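Beneath this line is the structure, given in structure tokens, with notes to follow.
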Amino acid sequence: MSDLLPRLSLQPVDSNDFEDMLALRIDAMRPSLERVGRFDAARSRERLSAGFVVPFMHHIVLDGSQRVGFVTLKPEGADALRLDHLYLRTGFQGLGIGEWVMDWAQAQAREQHRDIKLTALVKSDANRFYLRHGFVLEGEEGVDLHYRWRCAEMTC
1 MSDLLPRLSL QPVDSNDFED MLALRIDAMR PSLERVGRFD AARSRERLSA
51 GFVVPFMHHI VLDGSQRVGF VTLKPEGADA LRLDHLYLRT GFQGLGIGEW
101 VMDWAQAQAR EQHRDIKLTA LVKSDANRFY LRHGFVLEGE EGVDLHYRWR
151 CAEMTC
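Anchor point for the sequence shown: position 26 equals 26 in full-length UniProt numbering, and the numbering is continuous, going up by one each time.
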């Protein structure tokens, strides 16, 4: 695992990347969505389209060219950033890549003295990941769980 992390980078997203990113999102989310009976390809397209804000999106890249995931971290109000998307392709989960991305996101939040908010799907493996990284459950709405990582509690 540790030899993989130095080979990772973040690269900018282009508006022409939408279809590839949609396929990656579906690959990453389908098992969790099927567990709660909510998988719908059209809805996946709508959700990504609504949050497709190129200036705040990054491809997660291995060895300079292999896109293994993507992340969106965008401002939300004066005091927070929204981690809107953090998806890894099947086969690249559990290798420390998500932790590498989370370290980057929390560093961005510390620099800006902002919290990080996110929403995760109930029954998703991602919930354990977010709790391990200092996020606190703040609410629940349908199949969505709302979390917040507080910069002030992490000595920002």
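Using N, Cα and C, we set each Cβ at its ideal position, and we do this for glycine too.
Treat the numbers as computed from the prediction; the structure is a model and nothing was measured.
Using a Cβ distance threshold of 8 Å, ASP144 and LEU121 count as a contacting pair. Remark: C-beta atoms of ASP27 and THR72 do not approach each other more closely than 8 Å. About 6 Å separates the Cβ atoms of LEU8 and TRP100, confirming a contact at the 8 Å cut-off.
Within the DSSP secondary-structure output, TRP149 pairs in a beta bridge with ILE116. Using a Cβ-Cβ distance cut-off of 8 Å, the segment 30-48 and the segment 61-69 are not in contact, since fewer than three pairs of beta carbons, one from each stretch, lie closer than that value.
When rounded, the separation of the alpha-carbon atoms in ASP84 and MET57 is 9 Å. If you ignore the 5 residues before and after ARG114, its C-beta comes within less than 7 Å of the C-beta of ASP79, ALA80, LEU81 and CYS151, all in its own chain and listed in chain order.
The beta carbon of LEU86 sits closer than 7 Å to the beta carbons of VAL71, GLY98 and VAL101 from its chain, once the five residues preceding and following it are set aside; these are given in chain order.
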